[in-house]
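Everything below concerns the one structure shown next.
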Amino acid sequence: MFCKYEMYPFLDNICSIIPRQIKYLQLAISKLDQIRTILDRCQYLSVAKFETTRLKLSAEITHWFTENTINSTLTRQNGCDIIWIGKRRSPMIVNHKRIKSFDD
Numbered sequence: 531m532f533c534k535y536e537m538y539p540f541l542d543n544i545c546s547i548i549p550r551q552i553k554y555l556q557l558a559i560s561k562l563d564q565i566r567t568i569l570d571r572c573q574y575l576s577v578a579k580f581e582t583t584r585l586k587l588s589a590e591i592t593h594w595f596t597e598n599t600i601n602s603t604l605t606r607q608n609g610c611d612i613i614w615i616g617k618r619r620s621p622m623i624v625n626h627k628r629i630k631s632f633d634d
């Protein structure tokens with residue numbers, strides 16, 4: 531028997547058939563790291579609806595989007611977290627080169 535909330539072993543296979551240009555997605559998730567897998571594959575995703583059974587996971591999703599995106603909007607309805615995805619934060623690149631100063 532298959533439970534839609536235990537999709538973790540199948541997520542790579544599912545993501546491989548989802549077009550990269552998809553903008554709207556509804557999917558059941560059971561672990562937080564599944565979001566990163568989905569967002570890496572679906573780079574143009576603007577609205578995601580994640581079905582979750584645990585409120586703790588819902589809170590983790592909210593925190594993850596707050597920390598990793600700018601201007602995302604989140605709401606919870608009927609056991610689903612609905613996210614309008616804002617701009618993704620890029621990792622800060624630290625450059626250890628010295629700044630040249632020009633003394634005229």
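Under the numbering used here, think of the first position of the sequence shown as 531, with each following residue one higher. Positions of the beta carbon are idealized from the N, C-alpha and C atoms, including for glycine. Predicted model, so just to flag it, every value in this text is computed and none were measured.
Here the segment 570-577 makes no contact with the segment 586-602; the two share fewer than three CB pairs at distances below 8 Å. Take the alpha-carbon of K579 and the one of L557: they are about 6 Å apart. Looking only at R550, L575, I548 and I552, the smallest Cα-Cα distance to T599 is reached by L575. If you draw a straight line from the Cα of T605 to the Cα of I612, it comes to about 5 Å. Per DSSP, Q564 is not a residue of any beta strand (DSSP E); the alpha helix (DSSP H) it occupies stretches across D563 to R571. In the same chain as R550, and ignoring 5 residues on each side of it, the C-beta atoms closer than 8 Å to its own belong to R571, C572, Q573 and Y574, in chain order.
The DSSP-derived three-state label of F632 is coil.
Linking N601 to R618 through their CA atoms gives a straight-line distance of about 9 Å. The beta carbon of C610 sits closer than 8 Å to those of Q556, K579, F580, E581 and T582, all from its chain and outside the five residues before and after it, given in chain order.
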